[in-house]
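Engineer:
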Amino acid sequence: MENIIEIYTLKTMSAADRIRIMERAQQEINEIYPQVRRVIDDVRQHGDAALFKYMEEFDGVKLDAATVKVSRKEVEDAYKLIDATLLESLKILHKQVQRFHDLQKPQEWMTELSPGLLAGQMIVPLDIVGCYSPGGRGWFPSTMFMNACPAVAAGVKRIIMCTPPSKDGSINPGALVAADIAGVREIYKLSGAQAIAAMAYGTESVPQVLKITGPGSAWVVAAKSLVKNDVGIGVEAGPGEGLVIADEAASPEFVASDIIIQAEHGNDSAGLCVTNSRVLAEKAQQLVNEYTAELPEYRRDFVTTSLKKYGAIIVVDTMDEAFDFANEYGVEHLEIQTKNPLQDMKKVKNAGGMYIGAYAPLSAGCFCSGPNHTLPTSKAGRIRGGLNTEDFLKKITFEYPTREGLEHLKDAMVSLADYEGFPAHRNAILRRFAVK
Numbered sequence: 139m140e141n142i143i144e145i146y147t148l149k150t151m152s153a154a155d156r157i158r159i160m161e162r163a164q165q166e167i168n169e170i171y172p173q174v175r176r177v178i179d180d181v182r183q184h185g186d187a188a189l190f191k192y193m194e195e196f197d198g199v200k201l202d203a204a205t206v207k208v209s210r211k212e213v214e215d216a217y218k219l220i221d222a223t224l225l226e227s228l229k230i231l232h233k234q235v236q237r238f239h240d241l242q243k244p245q246e247w248m249t250e251l252s253p254g255l256l257a258g259q260m261i262v263p264l265d266i267v268g269c270y271s272p273g274g275r276g277w278f279p280s281t282m283f284m285n286a287c288p289a290v291a292a293g294v295k296r297i298i299m300c301t302p303p304s305k306d307g308s309i310n311p312g313a314l315v316a317a318d319i320a321g322v323r324e325i326y327k328l329s330g331a332q333a334i335a336a337m338a339y340g341t342e343s344v345p346q347v348l349k350i351t352g353p354g355s356a357w358v359v360a361a362k363s364l365v366k367n368d369v370g371i372g373v374e375a376g377p378g379e380g381l382v383i384a385d386e387a388a389s390p391e392f393v394a395s396d397i398i399i400q401a402e403h404g405n406d407s408a409g410l411c412v413t414n415s416r417v418l419a420e421k422a423q424q425l426v427n428e429y430t431a432e433l434p435e436y437r438r439d440f441v442t443t444s445l446k447k448y449g450a451i452i453v454v455d456t457m458d459e460a461f462d463f464a465n466e467y468g469v470e471h472l473e474i475q476t477k478n479p480l481q482d483m484k485k486v487k488n489a490g491g492m493y494i495g496a497y498a499p500l501s502a503g504c505f506c507s508g509p510n511h512t513l514p515t516s517k518a519g520r521i522r523g524g525l526n527t528e529d530f531l532k533k534i535t536f537e538y539p540t541r542e543g544l545e546h547l548k549d550a551m552v553s554l555a556d557y558e559g560f561p562a563h564r565n566a567i568l569r570r571f572a573v574k
């Protein structure tokens, strides 16, 4: 039987294999930019007409201005379509996620920075934001919370949500209930690049927003990248990625289970393990085969395809090499399954989110732990962390000097204005003391 995932030795890995693993789905994203740009330009120019055209072309759904927005009745009906267990689980998830993001809100402050000069920052929420919650390969009520809860914590007054409909024009009831519990009152039946374009530029039916957040397919990632000069895009969250750092003390059963987690999202996802134990690597490889065989066919196909393309179990000589590789990779979800995970986590510089210890499968973070699971992908974890409350806020700084406060710094200000060649800047300062 052919193995689903290959074992590599880091020091003998070919350059081609290393590039393929490091780049993961980015090449697939790069290839679709021209098609995505055409969709965006069309929606920007023609509004609803183009928007509904692409929804019918790509999703097989006929929509118009009267049906694109979810009605209150559809939301109320959704509550009747889910069972009590799911409703209670959604409430638990909401409580955890909202509490975590409430704690993330930064504080306003003011201080006397120098004699006679008060300075500080105000915290101001964005007026309107758009959240994208993907569908198609499955339904993700959890992502509704991950987008909406930080916006609510920030105090955003108007939150709109776009999520793909089924072919009959309906939205998954669990997703609708989650959005409602989170406080979202405007939900649109839109998917892909056309949804991103509609939120970025506005149409007759969809309001223009200031920032777009949420994960999505390669088309969504490409679309967000193409509109980012006109609208904030939050985290660049595309095809899923998971990397497990494991030493010889780790459980191969846990490691194999967790390699598969992100791979079941789609055939463009990535699942990896980096370990100093050849024994663990070989056992985990065998178990990945076994555990994948247990999955439903469509998930099994996703796992098999994605791990053959972008998966790897990489054997290193030392755990320092494992962390160096992880920092270069900049993964979306990083698990640390080692003897001293709290100590080892200090070696991490680049990751979207971390899952520490043997009992922190990243699937816990996908659902009820509390931290956000909308995390950067395709090496963006080397630049920033996951979606958070501050993504929906502006920090506006202010300064309030008295005459004495300005005079205290006047000579330095004038000197710098002269050096940089700005006489009007200098004169505006000096006139404060020339006028009685």
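In the working numbering, the protein residues as written are 139 to 574. Note that CB positions come from ideal geometry on N, CA and C, so glycine has one too.
Answer with buried or exposed for R570, where buried requires no fewer than 16 other C-beta atoms within 10 angstroms of its C-beta.
Structural biologist: Exposed, because fewer than 16 other Cβ atoms sit within 10 Å of the Cβ of R570.
Engineer: State the start and end residues of the unbroken alpha helix (DSSP H) segment that holds T223.
Structural biologist: Here the alpha helix (DSSP H) through T223 covers A222 to L241.
Engineer: Do V373 and V412 have their C-beta atoms closer together than 8 Å?
Structural biologist: No.
Engineer: Name the residue from V177, E402, F463 and A419 whose alpha carbon lies nearest to the alpha carbon of Y339.
Structural biologist: Among V177, E402, F463 and A419, the Cα nearest to that of Y339 belongs to V177.
Engineer: Can you find at least 3 beta carbon pairs, one from the stretch 423–434 and one from the stretch 517–535, that sit closer than 8 Å?
Structural biologist: Contact between the stretch 423–434 and the stretch 517–535 is absent, because fewer than three Cβ pairs lie under 8 Å.
Engineer: Secondary structure at V267, three-state DSSP: helix, strand or coil?
Structural biologist: Of the three classes helix, strand and coil, the one that applies to V267 here is strand, per DSSP.
Engineer: I'd like to know if the stretch 227–240 and the stretch 334–354 are in contact, where contact means that at least 3 CB-CB pairs between them fall below 8 Å.
Structural biologist: Short answer: they don't touch.
Engineer: So what does DSSP say about L480, is it helix, strand or coil?
Structural biologist: Here L480 sits in helix by DSSP.
Engineer: Between the C-alpha atoms of M193 and I220, what's the straight-line distance to the nearest angstrom?
Structural biologist: The straight-line gap from Cα to Cα measures roughly 26 Å.
Engineer: Look at A361 and L189 and say whether their C-beta atoms are less than 8 Å apart.
Structural biologist: No. Outside cutoff.
Engineer: Going by DSSP, which residues form a beta bridge with S304?
Structural biologist: Looking at the DSSP assignment, S304 forms no beta bridge with any residue, so it has no partner.
Engineer: Near N488, which residues of its chain fall below 7 Å by C-beta distance, leaving aside the five closest residues on each side in sequence?
Structural biologist: Result list for N488: N465, G468, G519 and R520, in chain order.
Engineer: Does the distance from the C-beta atom of G378 to that of E470 stay below 8 Å?
Structural biologist: Taking 8 Å as the Cβ cut-off, G378 and E470 qualify as a contacting pair.
Engineer: Does DSSP classify G409 as helix, strand or coil?
Structural biologist: Of the three classes helix, strand and coil, the one that applies to G409 here is strand, per DSSP.
Engineer: M483 to P499, Cα distance in whole Å?
Structural biologist: Looking at the two C-alpha atoms, the distance is approximately 15 Å.
Engineer: Can you give me the start and stop residues for the alpha helix (DSSP H) that F461 sits inside?
Structural biologist: From DSSP, the alpha helix (DSSP H) with F461 extends over M457 to Y467.
Engineer: Specify, as a first and last residue, the run of the alpha helix (DSSP H) that P311 falls within.
Structural biologist: Start and end: P311 to A320.
Engineer: May I ask which residues mark the beginning and end of the alpha helix (DSSP H) holding L381?
Structural biologist: No alpha helix (DSSP H) contains L381, which is instead part of the beta strand (DSSP E) from E379 to A384.
Engineer: Go ahead and label P288 buried or exposed: buried means 16 or more other beta carbons lie within 10 angstroms of its beta carbon, across all protein chains shown.
Structural biologist: Label assigned to P288: buried.
Engineer: DSSP on P509, reduced to helix/strand/coil?
Structural biologist: Looking at P509 - three-state DSSP - the assignment turns out to be coil, as it is neither helix nor strand.
Engineer: Roughly how many whole angstroms lie between the Cα atoms of P302 and S271?
Structural biologist: Spanning the two alpha carbons is a distance of roughly 8 Å.
Engineer: Check whether the Cβ atoms of P172 and G543 sit closer than 8 Å, and answer yes or no.
Structural biologist: Not a contact, by the Cβ cut-off of 8 Å.
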